[in-house]
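Reviewing the structure listed below.
Numbering (mature numbering (1 follows the signal peptide of the UniProt record, and there is no 0)), first residue to last: -25 to -1, 1 to 1212.
In structure tokens:
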């Protein structure tokens, strides 16, 4: 979305968040007058009273007469204090006190409200917090402003907790003002049609506002039509509001042809719900109970070009949408306004613009049923049955989110038989047990844990057992033994502590949810009488209210995670989202190819998530892990395509679609240090620009939809190709090769590297309409290297220094990730404060990192402890996350620590100070060390830019090898870079960015590689030198060496390796004729060689084998395939003198060699050799890679060695290392010494 549109929608959101009541529109008013203190005593009532002087009439704030407040007879959670305001009022605040001069006060309470004193609704703060903070003494006043306010006539205060040394005691006040209300009632068959004048309608704006309440799950609230199927419809479907928009003229393939926006849940609760619809040309704002969805149609779609009439409560019979499936609305509207017109007022006055159809009245009846809420798995409702009846008949309705729970149990008379009704996996299961007979089970229904009301009818009579759910029956007929009579008591929910038997103590917990319309034996049950103690018994119930709430509205599951819920919690299914965590907040993928590389990953396809936990999502790219890490993004047009017959009237445009979205591409490009894309234009009598005036006839378009006409890598301001800037075009009259319009093929190829214009999204050509005119184009992938945030770092040199950034906005989800290294024992990494809330990450102790915060529920800490200190001057990675479900902290690869959030607690983290990095606002406990790659909710902070202007902080932080040096494998050496490391593989037998690419060669018959250990003529060495040449100087004696190699062959005998000296000493490694490994050491030319046979197995089996030989004086250790190991003792000597050369493959008559070595040497080696190393020397690498350390030579002999791929062979110097000075001379000769071309 462009910034202008985003700002516009943001303004609309702010406007829609304001009250839209027509009573106060355009007026400045206060609504905080005390409402309770002026009421007569009769307006106060309660569940009970301790004495006449403790009655509810004494419960006004600051009242001292009577006992100075209300106290119930018994202090328990079933007590309540009620106020009748006389009429519906707008309530904006409440205040509480304890009993005057007493030890009686309430520390927390629930606030409920109602229109008619029935069907109560609980007020929740922050959409989830049920309890209000109460008092800490008897006389102080605790005032709470309600955000948002509500409208009601009756209020109830239900104490939850009180002074443990006293009892419940309350004095209260309610604040607010008068509320104007006009209502209309629809009976499910009626509707209202409003016809308006064309002049009264704005051509650019429609605003509809109303409140409604209903106990039906479905119905049309409003409908307006136009031509060609265009319409706007607001419909209640399964308790949710769906706004359906059809633009009529849009093509069926357009995503805007038919749009549905869904909001709300459980809206059939017979409570008022507010609706606001704003249509502003192609912009739509849809708000239900403070939750808003925004939608903006693409192109010129408008939802305002409709007929000049709108219906409410249903669709008139003469409407165009005859086939539109609908059900009329059954319930009440309040304060219905259409573009500021009071529709209900016009209806009452029988204005001609209004047409009433069916039974429409202007009052709203109160609900007749009484719901019961089962608050916990221990809740139960016990109701007496009808003893003596020879049948069981029970009906009721329930709604729940729990997939399982014990719904109903009863013990039948005349025996220990029982009926048990359970909800199991969203299905109802009825079980009948009788002594001596198998249990009879009936299962019916599906998906009953969807939060909707479901009707149940249970019947047992004669030999028929049946249960009906939502009108669908399941019946089982059996020959039931004995008489079946109704039980004495029916238990809904759980079981009393004193009861045992069927259904109690089983694996299923008690039902949690709502139940209503209970009938036993054809007699309806009034739960109010149960509440009053005249009938039945109960525990943990709320009567005359349904407390079911939708914890998935709004959904806290991010990135498309699917929300599911139970009574007391919700969970997120993050499968196939690319994210993880309790709310699918954390990305599964690294932020860039650079980050993948520094996890040790090799080249390949990877997902990267450039904004981490941000909204963009992961993109699939190819990471080319050379010394410089390249990110490659492919598109659908990488092949060479030819163009013919295009001209100025009909150019040939080509559009490119990438494997990543434009937003993802922009994020990749913005993070990169450099990006480029190759565009090749091949032409034959086809020009890029017209010859007479230079008007371009070909162009390309970048991601900003701007047209560009520069080619060949030239600057955007120059209308020239690269050859034009360099002055070497084929025809000096033109600035592009193609503009010469020659009859032969030529080209202009460009590497476009202006990040602001990349990637190329379209290429257009229109100069191939002439005879024999032709063109072709090829666009390469988008290539980027570098990650300007991964190595972005700052060094904090004093404890009082810090960097500051704008306030961190992470109310519902907040994650912070970064790397740090230090030698200090403690220090604060990040801190942000609010009035009472805060968030902080710190090194609490040398081996402890702590994440602490407070969102209003008290301080919470999560700590990760390490067995080794963190202040070891190595990089450590920290990631902390806090969301509405839990807080987590992970450091490096240590186990993550989590802390669950309190149930129904405060959810929003409210901060207002600056964000402090590396210190605190008090300049105490500052961090000493380095922080890099700091990201908050996926947004990278530029530490280096801020550090350049902050005393005590320096941009950058050297020293990465201590942390990433382990990535350099196989003898590679880590070299420091300002932003990262490089692995120097010069002294390794391997290659690649981490010295992991195996270098191998295939040896044919008669082939060999000779490696000469001799110092270079331009160097002189002492015996103390550490160079290769010094190690293998003629006067140097080796007391030990390490030799390794891998091979694959089927030929025997074979010479794997031969090392000789100037004194006819040698080491030979051969495969004997039977394929066994033989090693010969001759370290004294006057003695016979030591011969060791290692008969592990036949190694000439065509499989890959690894051999490692290590000599320390006379002790030789041999390892084959990393598991078979043997040790032997030499007898011929302990020193290898004046090493001369190493030979792989064929060797002709080595002086002083034993006969077996001579035979194997003459046959040579046929097969593959790889990873050959002798001490610090890598002979194969020296032969196959130009460049390397000075002081040795490798000379292939015989037939030229064909190369076979060994893990990504590449040319030396490609990837960042400058090639070494070419000092070797290569000789490729046959066995007769003739030089081969």
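The C-beta atom is built at its ideal place from N, Cα and C for all residues, glycine as well. If you're wondering where the values come from, they're calculated on a predicted model, not measured in any experiment.
- When Cβ pairs closer than 8 Å are counted between the two stretches, the region 151 to 169 is seen to touch the region 324 to 344, the count reaching three or more.
- Contact between residue 1055 and residue 1129 holds, since their C-beta atoms are separated by about 6 Å, short of 8 Å.
- For residue 331, there is no enclosing alpha helix (DSSP H); the enclosing beta strand (DSSP E) has its first and last residue at 329 to 332.
- Under the DSSP assignment, residue 643 falls in the alpha helix (DSSP H) whose first and last residues are 637 to 646.
- Contact annotation, residue 283 with residue 170: C-beta distance approximately 6 Å; criterion of less than 8 Å satisfied.
- Our two residues, residue 671 and residue 289, have alpha carbons roughly 60 Å apart in a direct line.
- A straight line joining the alpha-carbon of residue 1043 with that of residue 972 spans about 27 Å.
- The three-state reading of DSSP puts residue 531 in coil, since its state is none of H, G, I, E or B.
- Residue range 568 to 572 is occupied by the alpha helix (DSSP H) that includes residue 571.
- By the neighbour-count criterion, in which a residue is buried when 16 or more other Cβ atoms sit within 10 angstroms of its Cβ, residue 856 is buried.
- If only uninterrupted beta strand (DSSP E) runs of at least 3 residues are considered, those enclosed by the region 799 to 856 are 802 to 808, 813 to 820, 823 to 829, 835 to 840.
- From the listed residues 379, 489, 741, 439, the smallest Cα separation to residue 422 is found for 379.
- Excluding residues up to 5 positions away in sequence, 1009, 1036, 1037, 1038 lie with their Cβ nearer than 6 Å to the Cβ of residue 1113 in the same chain.
- Residue 634 holds the alpha-carbon nearest to the alpha-carbon of residue 592 among 770, 634, 827.
- Note that the C-beta distance between residue 55 and residue 29 is not below 8 Å.
- Bridge partners of residue 152 according to DSSP: 65.
- CA-to-CA, the gap between residue 414 and residue 99 works out to about 45 Å.
- The C-alpha of residue 725 lies about 37 Å from the C-alpha of residue 921.
- C-alpha of residue 944 to C-alpha of residue 650: approximately 30 Å in a straight line.
- Using a 10 angstroms sphere on the CB of residue 1126, the tally of other CB atoms stays under 16, which defines it as exposed.
- Setting aside the 5 residues that flank it on each side, residue 653 is surrounded in the same chain by 726, 755, each with a C-beta closer than 6 Å to its C-beta; the list follows chain order.
- Per the C-alpha coordinates, the member of 9, 106, 424, 318 positioned closest to residue 489 is 424.
- The Cβ atoms of residue 1020 and residue 1122 lie no closer than 8 Å to each other.
- DSSP places residue 320 within a helical segment (H, G or I) once states are collapsed to three.
- Below 8 Å, too few C-beta pairs join the region 834 to 846 and the region 883 to 900 to call them touching: fewer than three.
- In terms of CA proximity to residue 115, 146 leads the group 129, 127, 146.
- Taking one beta carbon from each stretch, the region 353 to 373 and the region 489 to 505 have 3 or more pairs nearer than 8 Å; the two touch.
- For residue 1041, the uninterrupted beta strand (DSSP E) run begins and ends at 1041 to 1046, by DSSP.
- For residue 123, the number of other beta carbons within 10 angstroms of its own is below 16, and it is reported as exposed.
- Residue 909 and residue 842 have their C-alpha atoms spaced approximately 25 Å apart.
- Here the C-alpha atom of residue 286 lies approximately 18 Å from the C-alpha atom of residue 222.
- Comparing alpha carbon positions, the residue from 192, 789, 1095, 988 closest to residue 589 is 789.
- Following the DSSP letters along the chain, one finds residue 922 inside the alpha helix (DSSP H) bounded by residues 918 to 922.
- Membership of residue 369 in the beta strand (DSSP E) is indicated by the continuous run 366 to 374.
- Going by DSSP, residue 503 is part of the alpha helix (DSSP H) stretching over 502 to 506.
- Straight-line measurement puts the Cα of residue 60 at about 44 Å from the Cα of residue 874.
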